[in-house]
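For reference, the structure is listed below as structure tokens.
There are 2 protein chains.
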Amino acid sequence: MADSNPIVDALDLAGYRLTGPRRAVASLIVEHGGHFTASQLAELARERRLGLSRASLFRALDLLTELRIVERLDLPSGEHAYVPCEQAHHHHVVCSRCGRTTEVEDHGLREAITEIARQSGFRVDSHRLELFGLCRHCQVRTTLDA
Amino acid sequence: MADSNPIVDALDLAGYRLTGPRRAVASLIVEHGGHFTASQLAELARERRLGLSRASLFRALDLLTELRIVERLDLPSGEHAYVPCEQAHHHHVVCSRCGRTTEVEDHGLREAITEIARQSGFRVDSHRLELFGLCRHCQVRTTLDA
DNA sequence: CGTCAGTTGCGACTTAGTCTCGACAGGACC
DNA sequence: GGTCCTGTCGAGACTAAGTCGCAACTGACG
Chain A
1408 MADSNPIVDA LDLAGYRLTG PRRAVASLIV EHGGHFTASQ LAELARERRL GLSRASLFRA
1468 LDLLTELRIV ERLDLPSGEH AYVPCEQAHH HHVVCSRCGR TTEVEDHGLR EAITEIARQS
1528 GFRVDSHRLE LFGLCRHCQV RTTLDA
Chain B
1408 MADSNPIVDA LDLAGYRLTG PRRAVASLIV EHGGHFTASQ LAELARERRL GLSRASLFRA
1468 LDLLTELRIV ERLDLPSGEH AYVPCEQAHH HHVVCSRCGR TTEVEDHGLR EAITEIARQS
1528 GFRVDSHRLE LFGLCRHCQV RTTLDA
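The listed protein sequences derive, respectively, from chains A and B.
If you count the first sequence from 1, you need to add 1407 to reach the numbering used here.
If you count the second sequence from 1, you need to add 1407 to reach the numbering used here.
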């Protein structure tokens, strides 16, 4: 396997052991791309006979979440999904057809939030914006289908 | 009991039967105010010996969600909570100390989203913004504590 | 190569939510 | 007020997601 996995590198950098299960989770994530749920990953691992236990999968995901290598996000369906992402603050646009995700910065959002804080009287500490729609690719497909 | 419950009215208007369990859920929600989780409501119902079954509670919540009388939201902890709310599109600011919630319109958010769509190439169909912080009341308390 | 703390697998447990199905009751109509 | 029909309910089994405790294992470092 092409062994230059950025997630593994990040774990190493953070001083965690590079164990079998962690490498497995890391490569599944990198290879899968886009967002995924814990059970999808478990399924994938099972297909490949990676011998990854459910507990370890969750532990690895927790760890990656803590290191901000992946982020947890909630799909409109109520499922919990994860997306591999950059470590800076940002938001996700999720394609509701193919699951592709893109990170975006908060263009102008900061001002909107300041305004909301002013009007509501809240001191806003954190926020979370999730956008759902169709990616460029799926827009084209939709047009062709029609 | 003061029987003018807006949730009950909305159910009636939508043509649903006004049954015991539904009235119970409606009054618990109105009286509780702010956001709540399904299990909090179940707990409350148990304390009051309302004889509300778990299944009916979930069914009622599903129904109310569908009618947009309550909205499902995801707390940073990953829990699913519900907030009673207006039926128009809006967002919530949630106080992370006392749980109070306020609805806000998307001041300037529309432009931010248009910009995001332009840059990402996505056609954004829906979005969801959740803000967490301290409400006016809790800000004061925090200041006093310090 | 040996050591040992950090990790793992197992499996039991918890919690959220769903489903099935027979019983029940709201409300429309008489 | 009584009847009926259908929508709704309760009970409880079931599923899925996630957690926990513990003994066994293993990476990494000396």
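Every residue gets a Cβ at the ideal spot worked out from N, C-alpha and C, and that includes glycine.
Worksheet entry | C-beta contact flag for proline 1428/A and leucine 1459/A at 7 Å | On the first sequence, residue 1428/A is found 21 positions in, with the first residue counted as 1. On the first sequence, residue 1459/A is found 52 positions in, with the first residue counted as 1. At a Cβ-Cβ threshold of 7 Å, proline 1428/A and leucine 1459/A count as neighbours.
Discussion item. Is it the case that the region 1416–1430 of chain B contacts the region 1532–1543 of chain A, given that we only count it when at least three CB pairs across the two stretches are under 8 Å?
Written reply: no
Item to complete: Report the residue from Ser1503/B, Glu1478/B, Leu1516/B, Gln1526/B whose alpha carbon sits nearest the alpha carbon of glutamate 1522/A.
Response: For the purposes of this step, residue 1522/A is taken as residue 115 along the first sequence, with counting starting at 1. The candidate whose alpha carbon is nearest that of glutamate 1522/A is Leu1516/B.
Worksheet entry | DSSP state of leucine 1471/B mapped onto helix, strand, coil | Locating residue 1471/B in the second sequence gives position 64, where the first residue counts as 1. Of the three classes helix, strand and coil, the one that applies to leucine 1471/B here is helix, per DSSP.
Practice prompt. Just the C-alpha distance for leucine 1541/A and glycine 1485/A, rounded to the nearest angstrom, thanks.
Written response: Working through the first sequence from its first residue, we reach residue 1541/A at position 134. Working through the first sequence from its first residue, we reach residue 1485/A at position 78. So the alpha carbons of these two residues sit roughly 19 Å apart.
Worksheet item: For arginine 1429/B and chain A, any beta-carbon pair shorter than 7 Å?
Response: In the second sequence, counting from the first residue as 1, residue 1429/B sits at position 22. Interface residue (Cβ-Cβ distance to chain A less than 7 Å): arginine 1429/B is not classified as such.
Worksheet item: threonine 1509/A lies in the beta strand (DSSP E); which residues open and close that run?
Response: The residue given as residue 1509/A occupies position 102 in the first sequence. 1508–1511 is the span of the beta strand (DSSP E), which, as asked, contains threonine 1509/A.
Fill in: Residue-level contact to chain B via CB, serine 1533/A, 7 Å cutoff
Within the first sequence, the letter at position 126 stands for residue 1533/A. It does: the Cβ of serine 1533/A has a partner Cβ on chain B nearer than 7 Å.
Discussion item. Please tell me whether histidine 1498/A and valine 1490/A are closer than 7 Å, where the distance is taken between their beta carbons.
Written reply: In the first sequence, the residue the question calls residue 1498/A occupies position 91. In the first sequence, the residue the question calls residue 1490/A occupies position 83. The answer is no: Cβ separation not under 7 Å.
Practice prompt. With 7 Å as the threshold, decide whether the Cβ of threonine 1444/A is near any Cβ in chain B.
Written response: For this step, residue 1444/A is matched to residue 37 along the first sequence. Taking Cβ atoms only, chain B never reaches closer than 7 Å to threonine 1444/A, which makes this a no.
Worksheet entry | Distance between glycine 1440/B and alanine 1409/B (C-alpha atoms, nearest Å) | As a position in the second sequence, residue 1409/B is number 2, starting the count at 1. As a position in the second sequence, residue 1440/B is number 33, starting the count at 1. Because the pLDDT at alanine 1409/B is just 48, under 50, the model does not fix this residue reliably, and the value given afterwards should be weighed accordingly. Going by the C-alpha atoms only, they are around 16 Å apart.
Worksheet item: For the beta strand (DSSP E) that contains proline 1491/A, what are its first and last residues?
Response: Along the first sequence, one-based indexing puts residue 1491/A at 84. Where proline 1491/A is concerned, the enclosing beta strand (DSSP E) stretches over 1487–1491.
Worksheet entry | DSSP-derived helix/strand/coil call for phenylalanine 1529/A | Your numbering for residue 1529/A matches position 122 in the first sequence. Coil at phenylalanine 1529/A, not helix or strand.
Item to complete: Figure out for me which residue from Thr1472/A, Cys1545/A, Ile1520/A has the closest Cα to the Cα of valine 1501/A.
Response: Here residue 1501/A corresponds to residue number 94 of the first sequence, with the count starting at 1. Cα-wise, what sits closest to valine 1501/A is Cys1545/A.
Worksheet item: Who are the neighbours of arginine 1530/A on chain B, taking C-beta pairs under 7 Å?
Response: Residue mapping note: residue 1530/A aligns to position 123 of the first sequence, counting from 1. By Cβ distance, chain B contributes Gly1540, Leu1541, Gln1546.
Worksheet item: In whole angstroms, what separates the C-alpha of arginine 1548/A from that of glutamate 1450/A?
Response: Here residue 1548/A is taken as the residue at index 141 of the first sequence, counted from 1. Here residue 1450/A is taken as the residue at index 43 of the first sequence, counted from 1. Rounded to the nearest angstrom, the two C-alpha atoms are 28 Å apart.
Worksheet item: Taking the C-alpha atoms as reference points, what is the distance between arginine 1461/B and glycine 1506/A?
Response: Taking the first residue of the second sequence as 1, we reach residue 1461/B at position 54. Taking the first residue of the first sequence as 1, we reach residue 1506/A at position 99. Approximately 33 Å, taken between the alpha carbons.
Worksheet item: Cα separation between serine 1446/A and histidine 1487/A?
Response: Here residue 1446/A corresponds to residue number 39 of the first sequence, with the count starting at 1. Here residue 1487/A corresponds to residue number 80 of the first sequence, with the count starting at 1. Rounded to whole angstroms, serine 1446/A to histidine 1487/A spans 10 Å at the Cα level.
Practice prompt. Out of Ser1503/B, Arg1424/B, Thr1508/B, Gln1526/B, state which residue places its alpha-carbon closest to the alpha-carbon of aspartate 1513/A.
Written response: If you number the first sequence from 1, residue 1513/A lands on position 106. Nearest C-alpha to aspartate 1513/A: Gln1526/B.
Practice prompt. Mind checking the region 1479–1493 of chain A against chain B and listing, in chain order, the residues whose C-beta falls within less than 8 Å of any C-beta there?
Written response: Arg1479, Asp1481, Pro1483, Gly1485, His1487
Practice prompt. Label leucine 1420/A either buried or exposed according to how many other C-beta atoms from any shown protein chain fall within 10 Å of its C-beta, with 16 as the threshold for buried.
Written response: As a position in the first sequence, residue 1420/A is number 13, starting the count at 1. It is exposed - the Cβ of leucine 1420/A has fewer than 16 other Cβ atoms within 10 Å.
Worksheet entry | CB contact below 7 Å: valine 1500/B versus chain A | Locating residue 1500/B in the second sequence gives position 93, counting from the first residue. So, interface residue.
Worksheet item: leucine 1435/B: which of Arg1456/B, Gly1422/B, Tyr1423/B sits nearest, CA to CA?
Response: Stepping through the second sequence from its first residue, residue 1435/B is reached at position 28. Selected option, being the one with the closest Cα: Arg1456/B.
Worksheet item: Using a C-beta to C-beta distance shorter than 7 Å, which residues of chain B count as neighbours of glutamate 1537/A?
Response: For the purposes of this step, residue 1537/A is identified with residue 130 of the first sequence, where counting begins at 1. Those within 7 Å of glutamate 1537/A in chain B are His1534, Arg1535.
Fill in: arginine 1530/A versus Leu1418/B, Ala1519/B, Arg1543/B, residue with shortest Cα-Cα distance
In the first sequence, the residue the question calls residue 1530/A occupies position 123. Check the Cα spacing between arginine 1530/A and each of Leu1418/B, Ala1519/B, Arg1543/B: the tightest is with Arg1543/B.
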